[in-house]
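First comes the structure, then the notes that go with it.
Number of protein chains: 2
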Amino acid sequence: MSKTTIRDVAKRAGVGVGTVSRVLNNSPAVSETTRGKVQSAIEALNFSPSLAARRLSRGKTMAIGVIVPFFTNPSVVRRLQGIVSVLSVSKYDLVLFDIEKVNQRDSFLRTIPQRKMADGLLLVSLTPTDADVEQFSLANVPTVLVDAYHPALNHVRVDNIAGGYQATKYLIELGHHKIGYISDYLDDPFNSPVRDRFTGYKQALAEAGIEFRAEYHCEDRHGRFQAQQMTHNLLTLPDPPTAIFAYSDTQAIGVIEAAQELGLSVPDDLSVIGFDNIEAAEYLHITTIRQALFESGVQGAELLLSLMQTPTSEPQEILLPTELIARHTTTQYINGTF
Amino acid sequence: MSKTTIRDVAKRAGVGVGTVSRVLNNSPAVSETTRGKVQSAIEALNFSPSLAARRLSRGKTMAIGVIVPFFTNPSVVRRLQGIVSVLSVSKYDLVLFDIEKVNQRDSFLRTIPQRKMADGLLLVSLTPTDADVEQFSLANVPTVLVDAYHPALNHVRVDNIAGGYQATKYLIELGHHKIGYISDYLDDPFNSPVRDRFTGYKQALAEAGIEFRAEYHCEDRHGRFQAQQMTHNLLTLPDPPTAIFAYSDTQAIGVIEAAQELGLSVPDDLSVIGFDNIEAAEYLHITTIRQALFESGVQGAELLLSLMQTPTSEPQEILLPTELIARHTTTQYINGTF
DNA sequence: CTGAAAGCGCTAACAA
DNA sequence: TTGTTAGCGCTTTCAG
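Chains as they are written, first to last, in the numbering used here: chain U, 279 to 616; chain E, 279 to 616.
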């Protein structure tokens with residue numbers, strides 16, 4: 279029976295409940311003798327305080343809410359691992375919300391803050407709307423975005439425009455002119471990185487004087503199979519691309535599979551570059567743009583923790599670097615007309 | 279301000295707090311008119327009830343604790359994904375505890391149940407001690423083990439002895455006699471699958487009349503790099519194995535890397551079989567023993583949910599099947615003396 | 001069907 | 001230092 283309360287302890291130790299509470303909270307204002315008595319009463323009764331009661335009376339939940347979309351996505355998982363690594367040694371519990379459906383997202387983003395379900399919020403790969411942000415500030419719960427951006431909120435992210443540029447530029451430097459872009463839905467308001475990388479892609483193209491070809495850009499739901507489909511279409515075009523930039527490594531895997539299916543060799547017939555540098559990218563030797571996934575989680579969690587200690591008026595911004603990792607899925611384009 | 283309480287609502291609606299509470303909990307004992315008044319007061323005030331208060335007065339947390347070891351382990355993540363998929367559509371919050379250190383484990387397993395931090399507990403890949411189990415039943419919180427076993431607790435798992443046997447048998451059928459086993463620490467009391475698979479390995483060997491060779495078995499901390507190390511040692515033995523059974527796919531990847539480093543071809547010079555069928559195993563075409571990782575999480579969570587509804591006296595047991603998936607890292611052993 | 005009031009177990013302010 | 005007491009915001013009898 280965990281039905282023992284602070285009152286039982288007080289009675290047994292022959293003190294008041296206040297004193298027991300003080301001992302529980304390591305208040306210095308307790309004499310060693312009293313503390314001793316209380317401690318042994320606690321031991322004897324195998325007592326431990328009720329979280330619920332403590333939360334109610336303190337008005338704090340001692341929990342941090344982590345909201346992720348599509349928990350099956352490897353890059354999201356990796357970020358979460360970073361978050362977990364810092365939260366698990368903190369005094370906060372981590373309560374995890376997975377958002378798979380659009381309507382879930384709305385209701386969650388609205389209710390979580392105002393129900394005071396958590397003392398702090400971490401949104402991973404989820405760009406909130408202005409309305410959401412208003413809810414957050416109304417509820418006055420510190421929030422940090424990981425891999426997402428909003429001018430009014432603390433965030434840690436990478437420069438996705440630069441990353442997209444970097445990837446495309448590399449392909450161009452290898453001699454490619456016909457470069458496809460396989461992406462997630464561009465108009466998803468909750469996913470700004472897709473748009474940013476696309477912007478970087480077009481910038482690199484423009485800078486090199488290569489005209490953007492609409493038929494070289496495909497978008498669909500995120501996923502390996504969808505990417506495979508899209509690539510199949512791209513590759514069976516009358517004038518197919520010689521290189522493909524995939525929005526994510528997961529998609530790059532689909533791209534490679536599609537090429538193999540068509541009997542094309544990667545990288546000889548098709549160069550492929552991904553984004554994220556998930557573990558699978560290493561195993562499969564995929565050229566990619568590395569972003570510090572795990573680290574982003576760590577930094578986000580640490581930022582949140584510090585903000586919960588000492589709030590700042592201005593939203594904090596942490597920008598992490600991206601880095602090109604050249605592996606075996608990209609190569610020089612040898613023009614057939616040599 | 280989320281400072282609006284049930285009392286504000288009651289006042290505005292001109293009713294008592296009890297009535298508001300009834301509306302909040304969809305009690306049928308409220309007239310439609312009253313309900314209407316209360317509803318609009320709630321809307322007007324943008325009120326939502328405090329979780330903490332509700333938890334305290336109801337004595338339930340509406341949360342399920344999920345305890346995982348080494349959240350970086352892909353198979354653990356996959357199981358968790360299964361758990362999340364069912365919990366995220368339930369009315370329970372999921373609070374996640376990651377246990378990386380031994381002492382953390384002890385304190386967690388002890389305090390979580392008795393502090394009533396959760397209405398139910400899911401232990402993933404963590405075999406509790408008898409003392410732990412006693413705590414659980416004392417605290418009277420429903421618990422289910424996923425990928426772990428204890429006679430007194432509900433659990434969902436696979437038959438790891440059979441799985442280990444299956445893997446080894448397959449290698450033997452391919453003509454291999456010199457079969458190494460790369461594993462995690464065998465004497466970790468919290469990880470029974472390592473021992474079980476090892477048992478299956480030895481059974482298959484014995485059955486085929488192959489003598490167990492101590493030097494063909496290596497153990498170290500779980501991980502790709504450790505596996506790589508161990509394999510290096512195995513492969514540079516005077517009389518090296520021609521096939522290796524790795525305790526996990528993660529380790530199988532390390533095995534393959536070690537082979538490649540030594541200029542050995544997989545599967546021509548060395549057959550490798552893993553266990554789990556994580557995603558990377560598919561990408562890398564690793565022969566493996568599939569166990570339904572995601573599914574185990576789903577089943578575990580569902581079992582827990584049902585147990586929380588209607589407890590059973592006997593511990594429930596769900597046994598999931600394992601299945602051999604032959605891919606490209608195993609092949610017939612061609613004896614050099616042909 | 002509805003209101004009043006008594007907790008749920010703890011913390012914190014106030015006295016002593 | 002320590003005990004007492006008034007909440008924290010909701011649920012749940014118990015009357016009416």
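In this text, a Cβ means the ideal position worked out from N, Cα and C, and glycines have one as well.
Keep in mind the model is a prediction, meaning the values are calculated, not measured.
1) Residues of chain E with CB closer than 8 Å to the CB of Q538 of chain U, please, in chain order.
2) What distance in whole Å lies between the Cβ atoms of V344 of chain U and L400 of chain U, which are believed to be in contact at a cut-off of 8 Å?
3) Between Y459 of chain U and F476 of chain U, what straight-line distance do the alpha-carbon atoms span, to the nearest angstrom?
4) Note down, in chain order, every chain U residue with its Cβ under 7 Å from the Cβ of D371 of chain E.
5) When the Cα atoms are used, what is the spatial distance from D376 of chain U to S366 of chain E?
6) If you draw a straight line from the C-alpha of P593 of chain U to the C-alpha of V422 of chain U, how long is it?
7) If you draw a straight line from the alpha carbon of I567 of chain U to that of L372 of chain E, how long is it in whole angstroms?
8) What runs of the beta strand (DSSP E), each 3 residues or longer, lie entirely inside the stretch 548 to 599 of chain E?
9) Note down, one range per segment and in chain order, each alpha helix (DSSP H) of at least 4 residues found wholly within the stretch 314 to 401 of chain U.
10) Rounded to the nearest angstrom, what separates I531 of chain U and A430 of chain U at their Cα positions?
11) By a C-beta neighbour count over all protein chains shown, 10 Å radius and 16 as the cutoff for buried, is V257 of chain E buried or exposed?
12) Going along the chain, which unbroken runs of the alpha helix (DSSP H) with 4 or more residues stay wholly within the stretch 430 to 465 of chain E?
13) Looking at the C-beta of T283 of chain E, does it have a partner C-beta in chain U at a distance below 8 Å?
14) Could you please give the first and the last residue of the uninterrupted alpha helix (DSSP H) stretch that includes I522 of chain E?
15) Take Y611 of chain E and list the residues in its own chain whose beta-carbon comes closer than 8 Å to its own, dropping the five residues that flank it on each side.
16) Note down the Cα distance separating L513 of chain E from H606 of chain E, rounded to an integer number of angstroms.
17) Mind reading off the beta-carbon distance from Q392 of chain U to Q413 of chain U? Whole number of angstroms is fine, and I expect it under 8 Å.
18) Along chain U, in chain order, which residues have C-beta atoms closer than 7 Å to that of T389 of chain E?
19) Taking E539 of chain E as the reference, give the member of E:G487, E:A426, E:A492 and E:T509 with the closest Cα.
20) Looking at the structure shown, is T407 of chain E part of a helix, part of a strand, or coil, going by DSSP?
21) Using a Cβ-Cβ distance under 8 Å, would T566 of chain E count as near chain U?
22) Within 10 angstroms of the Cβ of E557 of chain U, are there 16 or more other Cβ atoms? Answer buried if so, exposed if not.
23) Can you look up V311 of chain E in the DSSP assignment and give me helix, strand or coil?
24) Pull up the DSSP beta-bridge partners for V424 of chain E, would you.
25) Within the 8 Å Cβ cut-off, does R499 of chain E reach chain U?
26) Looking at chain U, which residues of the stretch 343 to 359 of chain E have a Cβ within less than 7 Å of any of its Cβ atoms?
27) Taking DSSP as the reference, what is the three-state secondary structure of T615 of chain U?
28) Between the alpha carbons of T407 of chain E and P599 of chain U, how many angstroms are there, rounded?
29) When you compare only the Cα positions, how much space is there between D437 of chain E and Y443 of chain E?
30) Since T235 of chain E meets chain U, which of its residues come closer than 7 Å, beta carbon to beta carbon?
31) Please classify A536 of chain E as buried or exposed, where buried requires at least 16 other C-beta atoms within 10 Å of its C-beta.
32) Using DSSP with H/G/I as helix, E/B as strand and the rest coil, what is H510 of chain U?
33) Residues of chain U with CB closer than 7 Å to the CB of L542 of chain E, please, in chain order.
34) Please decide whether Y561 of chain U counts as near chain E, where near means a Cβ-Cβ distance under 8 Å.
35) Roughly how many whole angstroms lie between the Cα atoms of K315 of chain E and I284 of chain E?
36) Mapping the DSSP letters down to three states, classify L602 of chain E as helix, strand or coil.
Looking at the coordinates:
1) Correct list: empty, because the minimum Cβ distance to chain E is about 12 Å.
2) 5 Å
3) 8 Å
4) V373
5) 6 Å
6) 9 Å
7) 33 Å
8) 549 to 554, 565 to 569 and 595 to 598
9) 329 to 336, 352 to 365 and 380 to 392
10) 36 Å
11) Because chain E here runs from 279 to 616, residue 257 of chain E falls outside it and cannot be looked at.
12) 438 to 451
13) no
14) Unbroken run through I522 of chain E is the beta strand (DSSP E), A521 to A524; no alpha helix (DSSP H).
15) L452, G453, H454, H455, T520, A521 and S549
16) 20 Å
17) 7 Å
18) S326
19) E:T509
20) coil
21) no
22) buried
23) As written in the sequence, residue 311 of chain E is Thr, which differs from the Val given in the question. It is helical.
24) E:V402 and E:V434
25) no
26) F349, T350, V355 and Q359
27) Reliability of the predicted coordinates at T615 of chain U is poor, the pLDDT of 41 falling under 50, and no value is obtained from them.
28) 45 Å
29) 10 Å
30) Any question about residue 235 of chain E goes unanswered here, given that chain E covers just 279 to 616.
31) buried
32) helix
33) Correct list: empty, because the minimum Cβ distance to chain U is about 18 Å.
34) yes
35) 14 Å
36) strand
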